[in-house]
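With positions in the sequence shown counted from 1, the corresponding number in this note's numbering is that position plus 362.
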Amino acid sequence: MGLFDKLKSGLTKTRKAMESSLGSLFSGFSAVDDDFYDELEESLILADLGVDTAVKAVELLRQRVKETRLREADEVRACLKDILVEMLNVGETALHIGTKPSVVLVIGVNGVGKTTTIGKLASRLRSQGKKVLLCAADTFRAAAADQLEIWANRSHVDIIRQDEGADPASVVYDAISAARARGTDVILCDTAGRLHNKQNLMNELGKIARIIDRELPDADKEVLLVLDGTTGQNGLMQAKQFKEIAGVTGMVLTKLDGTAKGGIVIAVADALQIPVKYIGVGEQVDDLMEFDARAFVDALI
Numbered sequence: 363m364g365l366f367d368k369l370k371s372g373l374t375k376t377r378k379a380m381e382s383s384l385g386s387l388f389s390g391f392s393a394v395d396d397d398f399y400d401e402l403e404e405s406l407i408l409a410d411l412g413v414d415t416a417v418k419a420v421e422l423l424r425q426r427v428k429e430t431r432l433r434e435a436d437e438v439r440a441c442l443k444d445i446l447v448e449m450l451n452v453g454e455t456a457l458h459i460g461t462k463p464s465v466v467l468v469i470g471v472n473g474v475g476k477t478t479t480i481g482k483l484a485s486r487l488r489s490q491g492k493k494v495l496l497c498a499a500d501t502f503r504a505a506a507a508d509q510l511e512i513w514a515n516r517s518h519v520d521i522i523r524q525d526e527g528a529d530p531a532s533v534v535y536d537a538i539s540a541a542r543a544r545g546t547d548v549i550l551c552d553t554a555g556r557l558h559n560k561q562n563l564m565n566e567l568g569k570i571a572r573i574i575d576r577e578l579p580d581a582d583k584e585v586l587l588v589l590d591g592t593t594g595q596n597g598l599m600q601a602k603q604f605k606e607i608a609g610v611t612g613m614v615l616t617k618l619d620g621t622a623k624g625g626i627v628i629a630v631a632d633a634l635q636i637p638v639k640y641i642g643v644g645e646q647v648d649d650l651m652e653f654d655a656r657a658f659v660d661a662l663i
């Protein structure tokens with residue numbers, strides 16, 4: 363199965379939901395009037411683009427239809443797709459990991475798939491010839507390091523861990539020391555997913571960041587926020603809070619194969635102006651896909 367087919371298959375639920383609304387809207391197309399725009403806006407909101415993003419997309423479409431005098435359904439649909447692609451293209455989607463070592467800090471609330479994402483990303487980077495080290499800095503949640511170790515073994519990469527309750531920053535320090543000694547290319551750091559006490563989380567992430575900046579001042583650093591696609595607009599709220607706390611450089615949307623509301627990808631990218639770098643569309647190790655805005659929209663509509 364090619365990448366586009368896999369993406370299309372993974373977005374089946376969302377695409378079917380959009381087809382049932384957008385499909386009838388365009389198949390019964392007679393004129394680009396206010397009724398058409400109202401129905402389109404409602405369809406986009408139902409796909410979980412969110413009110414603000416849906417309104418913005420429809421307004422942009424209204425302007426371009428007027429400027430270019432589009433009349434045919436296929437032309438209007440193509441114009442809508444172009445607008446959605448533009449909304450997704452808010453920054454570089456490739457990981458910025460050119461130094462040796464580079465650091466990728468992975469954040470997000472518990473249950474969104476952080477550990478699984480790290481394991482899949484480790485496997486992907488290793489297949490690209492990079493030497494990867496996992497850092498189990500989520501010392502708060504019972505068995506978090508055990509789960510990460512399972513993924514380390516599955517992905518054939520090293521892991522640095524300490525006992526439950528250890529200082530996360532000290533685990534990161536150990537990982538940096540090990541990475542230097544072993545000639546590691548990329549350190550992938552798992553972190554605790556507590557958001558109910560933002561001050562504690564902010565303090566913890568701040569301490570980790572200071573250790574990284576002190577020990578690796580010239581290293582490339584990424585802060586990847588993992589969001590569960592099935593949570594829809596709640597995911598957008600999480601993303602806004604983490605953006606304030608952690609200086610997010612990119613996002614990973616997981617579990618998109620399990621939701622009819624994959625439009626949340628467009629909502630978070632547009633609302634936060636942070637690029638989506640990966641999406642998860644299945645349980646297999648190769649179901650974490652590098653994000654491509656055009657391929658995503660083509661698979662969606």
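Beta carbons: idealized from backbone N, C-alpha and C, even for Gly. Predicted, not measured: the structure shown is a model, and the values here were computed from it.
ask   = At which residue ranges does the region 432-478 contain complete alpha helix (DSSP H) runs of 4 or more residues, listed in the order of the chain?
value = 435-450
ask   = Is residue 583 helix, strand or coil by DSSP?
value = Three-state DSSP puts residue 583 in a strand.
ask   = By Cβ distance, which residues of its chain are closer than 6 Å to residue 594, with the 5 residues on each side in sequence left out?
value = 410, 623 and 626
key: Close Cβ partners of residue 476 (< 7 Å) along its chain, the five nearest in sequence each way excluded   = 468, 470, 552, 555 and 588.
task = Out of 565, 408, 369 and 392, point me to the one whose CA is closest to residue 381's CA.
result = 408
ask   = In whole angstroms, what is the alpha-carbon distance linking residue 510 and residue 422?
value = It is roughly 44 Å from the alpha-carbon of residue 510 to the alpha-carbon of residue 422.
message = Taking the straight line between their C-alpha atoms, what separation do you get for residue 519 and residue 502?
response = Going from the Cα of residue 519 to the Cα of residue 502 covers about 23 Å.
ask   = Using the rule of at least 16 other Cβ atoms within 10 Å of the residue's Cβ for burial, across every protein chain shown, is residue 642 buried or exposed?
value = buried
ask   = Is residue 592 helix, strand or coil when you go by DSSP?
value = helix
inquiry  = Please classify residue 639 as buried or exposed, where buried requires at least 16 neighbouring CB atoms within 10 angstroms.
reply    = buried
message = Tell me the residue span of the alpha helix (DSSP H) that contains residue 360.
response = This structure leaves residue 360 out entirely; the chain is present only between 363 and 663.
inquiry  = I need the straight-line Cα distance from residue 544 to residue 566, nearest angstrom please.
reply    = 26 Å
ask   = Which runs of the beta strand (DSSP E) spanning at least 3 residues fall entirely within the region 470-544, listed in chain order?
value = 494-498 and 520-522
query = How would you label residue 456, buried or exposed, when you count the other beta carbons within 10 angstroms and need 16 or more for buried?
reply = Classification for residue 456: exposed.
ask   = Does the distance from the CB of residue 621 to the CB of residue 375 come in under 8 Å?
value = yes
key: From 582, 377, 533 and 548, residue whose alpha carbon lies closest to that of residue 570   = The shortest Cα separation from residue 570 among 582, 377, 533 and 548 belongs to 533.
query = Which residue's Cα is closest to the Cα of residue 540: 526, 493 and 582?
reply = 493
task = Please classify residue 375: does DSSP put it in a helix, a strand, or coil?
result = helix
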